[in-house]
């Protein structure tokens, strides 16, 4: 029985499936489990590692109970869309999650680790999805293949670089170009060209060997056989003229057991002397033996006798030609295979010829030998050197694909006393060979390296390369090289099966046009390797690298970059702020424990293998380079350029200096025209002519240059002031205009075109902002706030979160 729990407690449901006994356990799980990210596997109640558990590749038995415990995962953007549409009939705002730090991006992926990068197998995790121009440490996708050829150890690795296609350059081992390593080579396997995206195509690998080593074999010595001991005895013998046999009769004893074991086909050296002065010494066939009343009679074959002989009291020396062998194993291979492979090493050299017999047989699921499958192969290793010798042997069992047991027996006696014939079994593998193997739309690298005679290969796998991803454009699905964040977003979105019309490509194009598509400030260089990261989180992660936020505007996902604004989009004052809404304002004073600087961590531009930092200090009241006592720390895992990191650091440092006021308020229906990042002028309805000196209201009437205002004007004893007016679209009508007190209201120096009053077709007239004692520039900068959050709270109102806007925040963007 296969049980899949949707969460560790089963509270979110479970599914039970009967075994398909024609499939392996792994295939059964794949049939019912779309994603194994973060899952735990229990085999008959005991936790196991699915990568190394041999039973995963065997058919299940009726007694097997396997449980897969999943971990809950978040909603994707489409699920959020359905939730939002069901909840609200008006325009909705569903905020993307905040971008995670580097720790949550790769789930231990070496691509995003900035220390100790090595190639690893990331089981049950997402296929690497690398964007931009990034140094990549590809994932291992199968065990290493090891083979000795002419005393050189060749190691072949298969590694997954990324989904899709890209331009590969600078293939290295650690910091050494692979071309500088003698005998090293690599081959790239890319997705086949197709009409659609490469990610939806297939990648065909050729001549693939998968080797699965036996954990039991780790350098055991194949022991010498021991020669049979010589036997000395006193007895009698008899022979007949011209006969080719003779008999020897001696007292029976346990020491004769080895000699007896040679009958009827073995050989033994027989030596003795007999009267008058004759000597016999030959290698004789042991034809038979009989034991009667404690006396053993042996029949030996020999050359013809020239005369009859019969003597007693003869001293015999008999040396059996045989040996006692020690068998290494048997070892049961972990998985089914078509072939067998083993490596034999002579670490102290080899002087002479040594023969080692390998014997194997197939076993069934219960570990029982399959009759008729036992085979053997003798391999003779010959050399005349004290240098180390290394050999690889292969065998293809006649019984075909299956799981095998293998044992090894040395049949050659010890050669000398120097130890220059000591054989060790280094590795034993089950091997699967594929002429072709098809993978789904990924770029794969096959690397083969060779080591010196003394070396056993690279202790750590540190193969890496530079990868420049090919992604679609904003207005076309044709792919090409690009590091641009907007194109990465478009590519990620459409790969998820969504229409490009569902994201605001016009906004992305406008951001590109403003800074340049190839601007380092808009680059995104990163590997997205976390299976648990939702589509929404991925989009926000990419956008964050370019100082953008992702939010939903009606039926589209749109984007806003945190940058300077030319003018506010809307004025919020007494007339369009809800009277019964919650309103609050807060000021972040600089305290001793406050951040006094910024530290931005990014990926070193030159090496892309270590951390780099931009550190700024603000203790002097201005932004300067240097360390600070308590910096605000920001991680930018998708940033690989100094320019981009410095720009982000300047922004964050200036925020600490100039962005200290935050506001929450409730706006009427026209607040729904705003989005995240919108610039507004907010006039505090609870603080008339407050700290910013602004007063606001509605234009009720216009008579030439004289207007009537909805609120009394507080001139603060001054003879003139300045006013700003909004037009029909809510935007301001030009620069501030000088104005003066008048008995009928306020007299303007000039009346801007577009000022209007409420009427039959308009519920609200132009809004004004008024101040005295401010210059035109000061007034234009007063009361400005940026929308950081907006949520619908009713049919005709929305909740706003604002932070103060100061153009000095963006002073480093110029």
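Residue numbers (the working numbering): 72 to 885.
Glycine included, every Cβ here is placed at the ideal spot set by N, Cα and C.
Integer-rounded CB distance, given that residue j should sit under 8 Å from residue i
i	j	result
residue 447	residue 429	7 Å
residue 118	residue 512	At roughly 33 Å, the Cβ-Cβ gap does not stay under 8 Å, so residue 118 and residue 512 are not in contact.
residue 753	residue 734	6 Å
residue 210	residue 193	5 Å
residue 844	residue 748	Not a contact, Cβ separation roughly 31 Å.
residue 535	residue 206	6 Å
residue 199	residue 600	5 Å
residue 640	residue 831	Residue 640 to residue 831, Cβ: 27 Å. No contact.
residue 306	residue 319	6 Å
residue 215	residue 514	Not really, about 20 Å apart at Cβ, beyond 8 Å.
Residue i, buried or exposed, once every other Cβ within 10 Å from all chains shown has been counted against 16
i	result
residue 769	buried
residue 341	buried
residue 876	buried
residue 103	exposed
residue 658	exposed
residue 507	exposed
residue 174	The predicted position of residue 174 is uncertain, since its pLDDT is 43 and thus under 50; no value can be drawn from it.
residue 262	buried
residue 873	buried
residue 614	buried
residue 525	Note that residue 525 has pLDDT 49, beneath the 50 cutoff, so the model's placement of it is unreliable and no number is given.
residue 86	exposed
residue 638	exposed
residue 136	exposed
residue 268	buried
residue 224	buried
residue 577	exposed
residue 72	exposed
residue 367	buried
residue 292	exposed
Strand pairing of residue i, partner residues [DSSP]
i	result
residue 850	According to DSSP, which records beta bridges pairwise, residue 850 is partnered with nothing at all.
residue 574	628
residue 538	205 and 239
residue 307	320
residue 586	DSSP, once it has assigned bridges, lists no residue as partnering residue 586.
residue 598	201
residue 504	280
residue 230	211 and 516
residue 427	450 and 481
residue 475	433
residue 875	856
residue 381	309
residue 387	304
residue 413	464 and 499
residue 342	352 and 388
residue 901	Missing from the structure shown is residue 901; the chain here goes from 72 to 885 and no further.
residue 75	86 and 139
Close Cβ partners of residue i (< 7 Å) along its chain, the five nearest in sequence each way excluded
i	result
residue 129	95, 96 and 436
residue 213	229 and 281
residue 344	350
residue 726	880
residue 635	878, 881 and 884
residue 679	205, 206 and 711
Own chain residues within Cβ distance below 6 Å of residue i, not counting five before or after
i	result
residue 460	417, 421 and 454
residue 310	317, 376 and 380
residue 718	592
residue 31	Here the chain has residues from 72 to 885 only, and residue 31 is not among them.
residue 449	426 and 428
residue 565	571
residue 91	99
residue 169	Confidence at residue 169 is low in this model, with a pLDDT of 42, below 50, so the placement of that residue should be treated as unreliable; the coordinate-derived value is given next. Taken in chain order, the list of residues that qualify is empty.
residue 688	668, 695, 697 and 699
residue 485	295
residue 391	299, 329, 330, 333 and 339
residue 265	272
Nonlocal neighbours in the same chain, by C-beta distance under 8 Å from residue i, ignoring five residues either side
i	result
residue 495	290, 291, 292, 293, 415, 416, 417 and 418
What beta strand (DSSP E) runs, 3 residues minimum, are completely inside the segment 747-805?
-> Runs of the beta strand (DSSP E) inside the segment 747-805: 750-753, 766-774, 777-780 and 792-796.
Enumerate, from N- to C-terminal direction, the unbroken beta strand (DSSP E) stretches of 3 or more residues contained entirely within the segment 96-138.
-> Correct list: 111-114 and 117-119.
Can you give, in chain order, each stretch of the alpha helix (DSSP H) that sits fully within the segment 613-687 and has at least 4 residues?
-> Taking 4 residues as the minimum length, the segment 613-687 contains no alpha helix (DSSP H) run wholly inside it.
Every unbroken beta strand (DSSP E) within the segment 689-737, with a cutoff of 3 residues, ordered by chain = As far as the segment 689-737 is concerned, its whole beta strand (DSSP E) runs of at least 3 residues are 702-706.
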